[in-house]
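Trainee: This is the structure, below, for whatever I ask next.
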Amino acid sequence: MPDLAAGLLVFLLTGGCLAAIQLLPTLEFSALSTRGGGIGYAMATYESLHPKELLAFLLPEIYGNPVDGTYWRSGESHHFWESCGYAGILPLLLLSVGARKKMSGDPRPFFLFLAVFALFLALGKYNPIYPLVYRLPGFNSFRIPAQIIYLYVFSVAVVSGIGLSRITEGKGALGKGWVFFLLLTCGVVALATAGFHLFPFQFFFHLFRNFAEGPVTHADLSLLLGRTGRSIDKAILLFALSMFILLLWGRSKIRGPFLAVSACVIVAADLLLFGTQFVKTCNLVTPPEKERIVERLPGNPAEGRVLTNDPLFRTNDGLQFRFPSVLGYDPLILKRYVDFVLAGQDLPPDEHVVNLNWIGDPGGKLTGLLHVRQLVSNGGIGRVENRIPYAFVVERAVAKGEDEILPYMKSDAFDPEKTVVLEKGVSPVVEEKGPTGEFKAACQVVSYAHEEIVLKTSSNRPGYLVLSEMFYPGWHASVDGRETPVLRGNFLFRTVPLDAGEHKVRLYFISRPFRVGAVVSLLSLCLGLGFLIRRTRTRAESVG
């Protein structure tokens with residue numbers, strides 16, 4: 000067991016080093032996202048695995064299926080796949096197959112523990128001691144505890160595979176848990192079969208009353224009878240076949256290799272019958288009316304951003320069709336962007352936001368700073384009247400505390416064309432030298448790329464260049480070739496201080512976590528390959 004734990008630790012460290020090129024930038028981003036600093040307990044335990052869902056680990060469609068709209072246990076169909084831990088019936092029976100004699104270095108206890116531990120965590124808010132787990136480092140940054148049941152499914156597959164391998168090698172034997180698994184599985188399947196076929200009305204009455212989260216009127220009850228019946232009949236058939244071949248093997252009527260082949264056929268049929276219904280093919284054809292709209296949308300933010308309040312468009316279509324959208328779905332969204340968008344709609348901060356799919360007031364004061372120029376709605380494109388340009392120079396800056404910035408920006412005292420709001424104690428404010436006439440400034444975007452933006456500016460007095468681009472670590476600026484700090488202005492946006500006169504401003508992105516991660520990943524890869532080559536040579540020499 001200690002050797003196994005040490006091997007697991009080496010495995011995890013090696014995997015972490017190889018993935019550093021992705022992990023380090025993700026850690027930087029997650030700290031600035033809505034998960035930064037943790038999330039509330041209610042959100043962290045959202046979509047916990049209800050103990051009642053364990054019944055579906057044996058009868059996966061006892062609660063219906065979202066494929067045909069018969070899923071009824073919850074009003075939200077995604078509960079079905081978030082809590083799906085079905086690994087097949089025969090693999091559960093194979094968990095009790097052990098070795099004929101004790102073996103050193105047996106990995107089964109570890110994976111059995113991992114399966115139980117995964118279920119323990121997946122219960123989330125239904126686990127009485129999960130509040131203590133929530134306080135552990137890292138656990139307050141994740142939601143949907145039910146998703147961790149993938150470790151349960153993986154562990155069941157590993158342990159059942161080891162049992163099947165031992166049967167094939169003639170080293171397997173039914174363990175002490177055989178009777179427990181037999182009685183439990185047989186009891187559940189037999190009870191469901193008898194109830195459904197002999198007392199269907201009472202069966203569904205008690206099933207709905209004891210297992211539904213609310214009224215089941217949202218489900219297609221006309222199809223539910225067939226769906227539930229097929230699920231139960233399939234379970235009893237698979238259980239009978241599994242028991243039959245295991246009993247024949249246990250009484251030495253068939254050999255291990257034949258049992259292994261039969262088991263693989265049964266498990267494959269079981270999982271294919273369950274899983275293939277979720278694999279749907281479709282022609283990815285964009286409707287002509289949507290294509291016509293996409294062709295008229297801008298290609299980069301400097302030309303204007305787009306708001307798609309139209310059922311023709313999905314939230315992340317901006318990524319697919321390469322237009323600058325202000326909407327999007329992602330479990331990790333920059334917290335400041337979410338707060339800014341919500342404040343622009345007079346909505347309170349909300350840590351549950353993972354999907355920005357609607358902005359009701361594209362012409363609002365704060366939304367105007369996002370440089371929204373086109374609104375897609377009602378099957379057409381409308382022009383958004385917004386006087387604030389993509390990049391502009393202002394003369395005046397004021398400093399406010401972080402909690403004061405958005406309320407101040409929403410007030411009449413803030414004019415975005417004349418003033419930029421910096422964060423007190425974080426960004427330096429240039430001292431105003433008093434008015435000496437009208438402030439005149441101009442700004443032109445010379446070139447735009449994802450990691451480099453070049454502009455020309457001119458002003459008759461010192462000022463601040465404000466861009467409609469989100470502030471993010473890694474963005475650097477040079478003014479006439481001289482390094483200049485990038486400030487965070489107006490709560491969210493990149494801001495560059497300028498002296499009076501004409502300037503060439505270049506903003507460029509360099510991710511230090513990405514570069515450090517790339518070096519760590521490359522070194523780890525080289526060390527790993529070197530170790531494998533050396534080990535291969537050593538084995539070859541020993542054989543020779």
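In terms of numbering that gives the first Met the number 0, the sequence shown opens at residue 0 and continues consecutively.
Idealized CB from N, CA, C, for every residue including glycine.
None of the values given here were measured: they were computed from a predicted structure.
Over the uninterrupted beta strand (DSSP E) stretch that includes Y507, give me the two end residues.
Mentor: Locating residue 507 in the sequence shown gives position 508, where the first residue counts as 1. First-last of the beta strand (DSSP E) with Y507: G500 to F508.
Trainee: Would you call the segment 455-475 in contact with the segment 489-507, where contact means no fewer than 3 C-beta pairs closer than 8 Å?
Mentor: yes
Trainee: Closer than 6 Å: is that where the CB of A218 sits relative to any heavy atom of the ligand GTP?
Mentor: Within the structure as shown, the ligand GTP is missing, as the structure has no ligands at all.
Trainee: The beta strand (DSSP E) spanning H475 covers which residue range?
Mentor: The residue given as residue 475 occupies position 476 in the sequence shown. Element bounds for H475: W474 to V478.
Trainee: Tell me the residue span of the alpha helix (DSSP H) that contains S230.
Mentor: Stepping through the sequence shown from its first residue, residue 230 is reached at position 231. Element bounds for S230: L220 to G249.
Trainee: Return the residue from the list R382, H475 and D349 that minimises the CA-CA distance to M42.
Mentor: Counted from its first residue, the sequence shown places residue 42 at position 43. Nearest C-alpha to M42: D349.
Trainee: Which residue's Cα is closest to the Cα of E384: E288, R304 and M242?
Mentor: Position 385 of the sequence shown, counted from the first residue, corresponds to residue 384. If we check each option's Cα against that of E384, R304 comes out closest.
Trainee: Considering only C-alpha positions, which residue in the set I147, K455 and L26 is nearest to S47?
Mentor: If you number the sequence shown from 1, residue 47 lands on position 48. Residue I147 is the option with its Cα nearest to S47.
Trainee: DSSP three-state call for T285: helix, strand or coil?
Mentor: The sequence position of residue 285 within the sequence shown is 286, counting from 1. Correct three-state label for T285: coil.
Trainee: For T307, report the span of its beta strand (DSSP E) as first-last.
Mentor: Sequence index remark: in the sequence shown, residue 307 carries index 308 (1-based). From DSSP, the beta strand (DSSP E) with T307 extends over R304 to T307.
Trainee: In terms of residue numbering, what span does the alpha helix (DSSP H) encompassing G274 cover?
Mentor: Here the question's residue 274 lines up with position 275 in the sequence shown. Segment G255 to G274, the alpha helix (DSSP H) holding G274.
Trainee: Which residues mark the beginning and the end of the alpha helix (DSSP H) in which E27 is found?
Mentor: Indexing the sequence shown from 1 puts residue 27 at position 28. Its alpha helix (DSSP H) spans residues A19 to L31.
Trainee: From H370 to K417, what does the alpha carbon distance come to, in whole angstroms?
Mentor: Within the sequence shown, the letter at position 371 stands for residue 370. Within the sequence shown, the letter at position 418 stands for residue 417. Taking the straight line from one Cα to the other gives about 16 Å.
Trainee: Among the candidates P484, L122, D219 and I166, whose CA atom is the shortest distance from the CA of N64?
Mentor: Stepping through the sequence shown from its first residue, residue 64 is reached at position 65. Ranking P484, L122, D219 and I166 by Cα distance to N64 puts D219 first.
Trainee: What would DSSP say about I380, mapped onto helix, strand or coil?
Mentor: Residue 380 sits at position 381 when you count from the first residue of the sequence shown. For I380, the three-state secondary structure derived from DSSP is strand.
Trainee: Measure from the alpha carbon of S523 to the alpha carbon of each residue in L8, V9, A5 and T13, then state which is nearest.
Mentor: Taking the first residue of the sequence shown as 1, we reach residue 523 at position 524. The shortest C-alpha separation from S523 is found at T13.
Trainee: Hey, how far is the Cα of R386 from the Cα of G367?
Mentor: Translated into positions along the sequence shown, residue 386 becomes position 387. Translated into positions along the sequence shown, residue 367 becomes position 368. So the alpha carbons of these two residues sit roughly 8 Å apart.
Trainee: On a CA-only basis, which of D269, Y328, T167 and R142 is nearest L57? Give me that one, please.
Mentor: In the sequence shown, residue 57 corresponds to position 58, counting from 1. Among D269, Y328, T167 and R142, the Cα nearest to that of L57 is on D269.
Trainee: Would DSSP call L497 helix, strand or coil?
Mentor: Here residue 497 refers to the residue found at position 498 when the sequence shown is read from its first residue. In the structure shown, L497 sits in a strand (DSSP, three-state: E or B).
Trainee: Give me the Cα-Cα distance between W474 and E451, rounded to the nearest whole angstrom.
Mentor: In the sequence shown, the residue the question calls residue 474 occupies position 475. In the sequence shown, the residue the question calls residue 451 occupies position 452. Going from the Cα of W474 to the Cα of E451 covers about 9 Å.
Trainee: At the level of alpha carbons, what is the spacing between L197 and I235?
Mentor: Walking along the sequence shown from the start, residue 197 turns up at place 198. Walking along the sequence shown from the start, residue 235 turns up at place 236. Near 15 Å, if we compare the C-alpha coordinates of I235 and L197.
Trainee: Take G488 as the anchor and find which of R335, V375 and L454 has the nearest alpha-carbon.
Mentor: Locating residue 488 in the sequence shown gives position 489, counting from the first residue. The residue with the shortest Cα to Cα distance from G488 is R335.
Trainee: Less than 7 Å between the C-beta atoms of V152 and A86, yes or no?
Mentor: Along the sequence shown, one-based indexing puts residue 152 at 153. Along the sequence shown, one-based indexing puts residue 86 at 87. Result yes, Cβ atoms of V152 and A86 sit closer than 7 Å.
Trainee: Quick check: T69 and L206, are their CB atoms within less than 7 Å of each other?
Mentor: The residue given as residue 69 occupies position 70 in the sequence shown. The residue given as residue 206 occupies position 207 in the sequence shown. No, they are not a contact pair.
Trainee: Candidates Q276, G255 and Y471: which alpha carbon is nearest D67's?
Mentor: Along the sequence shown, one-based indexing puts residue 67 at 68. Closest option to D67, Cα to Cα, is Q276.
Trainee: Please look up how many angstroms separate the CB atoms of G296 and Q373, rounded, as I've assumed it's under 8 Å.
Mentor: Residue mapping note: residue 296 aligns to position 297 of the sequence shown, counting from 1. Residue mapping note: residue 373 aligns to position 374 of the sequence shown, counting from 1. At residue 296 the sequence reads Leu, which differs from the Gly that was named. About 6 Å; that satisfies the 8 Å criterion.
Trainee: On the three-state DSSP scale, how would you describe N354?
Mentor: The residue labelled residue 354 in the question sits at position 355 within the sequence shown. Here N354 sits in strand by DSSP.
Trainee: For A517, tell me which candidate among G225, S95, L7 and A19 has the shortest Cα-Cα distance.
Mentor: Position 518 of the sequence shown holds residue 517. Taking only the C-alpha atoms, the option nearest A517 is A19.
Trainee: Starting from G462, follow the beta strand (DSSP E) in both directions and report where the run begins and ends.
Mentor: Indexing the sequence shown from 1 puts residue 462 at position 463. Run containing G462: G462 to M469, per the beta strand (DSSP E) assignment.
Trainee: Determine the direct distance from the alpha carbon of V340 to that of L163, and round the result to whole angstroms.
Mentor: Position 164 of the sequence shown holds residue 163. Position 341 of the sequence shown holds residue 340. Roughly 55 Å between the two C-alpha positions.
Trainee: If you draw a straight line from the alpha carbon of Y447 to that of A301, how long is it in whole angstroms?
Mentor: For the purposes of this step, residue 447 is taken as residue 448 along the sequence shown, with counting starting at 1. For the purposes of this step, residue 301 is taken as residue 302 along the sequence shown, with counting starting at 1. Between Y447 and A301, the C-alpha separation is close to 7 Å.
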